[in-house]
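What follows is a short report on a single structure.
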DNA sequence: AACTGTGAAGTTTTTCACAGCC
DNA sequence: GGCTGTGAAAAACTTCACAGTT
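This is the structure we're talking about:
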């Protein structure tokens with residue numbers, strides 16, 4: 006056990022930090038400079054105790070009697086999540102979804118920059134999509150390795166997702182955000198997250214009448 | 006307490022059912038007809054005990070010694086989630102994301118059909134997007150109410166999301182899938198779910214080295 | 001007076017482990 | 001022998017409630 010040993014933070018806590026960060030940025034846009042666990046919780050539908058407990062894992066970010074300095078807390082959370090730097094991201098798949106992702110302006114100021122857009126289809130390769138030129142999957146490995154890209158967003162058909170993920174891992178990618186509606190197996194050291202709108206919709210229909 | 010009173014099922018269990026369903030459909034495509042909690046769990050990285058416990062909330066779907074009949078289990082889970090019917094969905098926002106959503110083929114066979122695409126911009130209104138003609142937000146309320154649409158996908162700028170959500174609720178929508186990177190407040194009876202790729206990316210960067 | 005940070009208590013969720021059935 | 005369904009145990013997570021600080 007090293008002198009600087011860190012307690013393990015529950016993953017569920019880590020998952021909430023981006024939500025806190027997002028809400029704090031919003032408060033900042035509203036020209037507030039201080040907030041409280043109660044105000045933040047009200048916005049997010051999370052109890053104030055939960056927020057205080059979550060934040061306490063990383064040290065005392067607040068002031069008793071006062072609350073949290075928004076700018077300071079944003080900075081600290083960005084440090085914790087390592088998004089005070091700008092991560093290069095590769096997008097694989099230049100279909101409608103890949104194109105929408107590539108055009109999305111919302112990555113920039115939250116720690117990410119799309120660096121490349123890949124596709125396997127000869128029709129797509131060479132095409133200009135926003136500021137990107139679609140590159141062939143065949144050169145993906147070399148580029149990702151060469152530039153040390155660690156994060157990829159997968160927007161290929163479900164059938165191809167596992168094979169492409171394998172190539173990404175081989176190329177050195179350590180975090181994959183998979184938009185294909187299929188489970189992917191990756192080594193334990195590689196992070197994976199899923200976005201599938203249908204799972205969310207099906208979650209909600211359970212509660213609908215009729 | 007009615008004679009047919011149902012025990013309350015934990016929401017976290019409901020959230021996993023769509024994942025089971027998705028994996029089962031995949032197994033079916035691979036021409037399997039029977040599976041086990043172990044096989045399913047292996048695909049999903051969920052323990053077999055968890056899967057058995059989750060499914061047991063709804064009655065005995067499996068056979069001891071044998072496992073689960075895939076077709077039967079799919080049908081039962083679709084019943085539970087109420088996706089054996091086809092839900093009409095409205096999409097609001099005909100930007101890159103709304104367009105990508107409107108083109109996506111993956112809703113059809115999983116219980117959902119996009120019925121309308123709305124936007125507020127005069128440049129967008131009347132434009133043809135795939136099989137849809139973009140309709141004005143001003144007619145949204147009447148159409149949603151008139152057709153009894155209960156589900157909406159929100160793909161508008163963060164600034165407009167709360168206002169549009171309020172209109173949707175007023176129009177009778179009971180479930181909203183919000184793609185705007187902002188928290189929305191809706192009445193407790195209305196379901197809301199979020200998709201924000203950046204929160205997933207930030208969750209993963211916590212674990213990345215350097 | 002207002003609010004944080006935190007042990008302790010309470011609740012929920014997951015895993016264990018095995019009886020019972022095919 | 002293989003697998004489900006399930007009570008009981010364990011682990012994880014959330015809330016309570018309050019001492020301590022501004």
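Chains as they are written, first to last, in our numbering: chain A, 6 to 215; chain B, 6 to 215. Think of the CB as a built atom: it goes at the ideal place given N, C-alpha and C, for glycine as much as any other residue.
Determine the direct distance from the alpha carbon of residue j to that of residue i, and round the result to whole angstroms.
i, j, result
"residue 159(B)", "residue 178(B)", "12 Å"
"residue 36(B)", "residue 83(A)", "47 Å"
"residue 86(A)", "residue 45(B)", "32 Å"
"residue 207(B)", "residue 132(B)", "36 Å"
"residue 157(A)", "residue 213(B)", "13 Å"
"residue 12(B)", "residue 21(B)", "18 Å"
"residue 47(A)", "residue 173(B)", "22 Å"
"residue 66(B)", "residue 74(B)", "8 Å"
"residue 144(B)", "residue 30(B)", "38 Å"
"residue 123(B)", "residue 209(A)", "22 Å"
"residue 137(A)", "residue 70(A)", "50 Å"
"residue 125(A)", "residue 195(A)", "24 Å"
"residue 184(B)", "residue 184(A)", "14 Å"
"residue 130(A)", "residue 130(B)", "31 Å"
Let me make sure I understand the geometry here. Which of the options has the alpha-carbon closest to that of residue i?
i, options, result
"residue 188(A)", "19(B), 20(B), 28(B), 13(B)", "28(B)"
"residue 117(B)", "37(B), 180(B), 58(B), 207(B)", "180(B)"
"residue 204(B)", "200(A), 207(A), 206(A)", "200(A)"
"residue 155(A)", "127(A), 96(A), 185(A)", "96(A)"
"residue 169(B)", "153(B), 152(B), 151(B), 190(B)", "190(B)"
"residue 128(B)", "141(B), 137(B), 136(B), 135(B)", "141(B)"
"residue 15(B)", "63(B), 26(B), 31(B)", "63(B)"
"residue 93(B)", "74(B), 186(B), 151(B)", "151(B)"
"residue 215(B)", "174(A), 153(A), 186(A)", "153(A)"
"residue 112(B)", "66(A), 31(A), 182(A), 186(A)", "186(A)"
"residue 81(B)", "25(B), 123(B), 126(B), 183(B)", "25(B)"
Looking at residue j and residue i, is the spacing between their C-beta atoms short of 8 Å?
i, j, result
"residue 108(B)", "residue 101(A)", "yes"
"residue 79(B)", "residue 33(B)", "yes"
"residue 91(B)", "residue 38(B)", "no"
"residue 176(A)", "residue 149(A)", "yes"
"residue 52(A)", "residue 72(A)", "no"
"residue 211(B)", "residue 56(A)", "no"
"residue 105(B)", "residue 163(A)", "no"
"residue 182(A)", "residue 23(B)", "no"
By a C-beta neighbour count over all protein chains shown, 10 Å radius and 16 as the cutoff for buried, is residue i buried or exposed?
i, result
"residue 166(B)", "buried"
"residue 89(B)", "exposed"
"residue 68(B)", "exposed"
"residue 119(B)", "buried"
"residue 17(B)", "exposed"
"residue 98(B)", "buried"
"residue 59(A)", "buried"
"residue 139(B)", "buried"
"residue 135(B)", "exposed"
"residue 114(A)", "exposed"
"residue 61(A)", "exposed"
"residue 54(B)", "exposed"
"residue 161(B)", "buried"
"residue 193(B)", "exposed"
"residue 50(B)", "exposed"
"residue 171(B)", "exposed"
"residue 110(A)", "exposed"
"residue 103(A)", "buried"
"residue 147(B)", "exposed"
In chain order, what are the residue ranges of uninterrupted beta strand (DSSP E) at least 3 long that sit wholly in the region 103–131 of chain B?
117–124
Whole runs of the alpha helix (DSSP H) within the region 21–96 of chain B, excluding any shorter than 4 residues
42–49, 53–61, 75–86
Runs of alpha helix (DSSP H) lying entirely within the region 150–213 of chain A, each at least 4 residues, in chain order
Scanning the region 150–213 of chain A for uninterrupted alpha helix (DSSP H) segments of 4 residues or longer gives 163–175, 202–210, listed from N- to C-terminal end.
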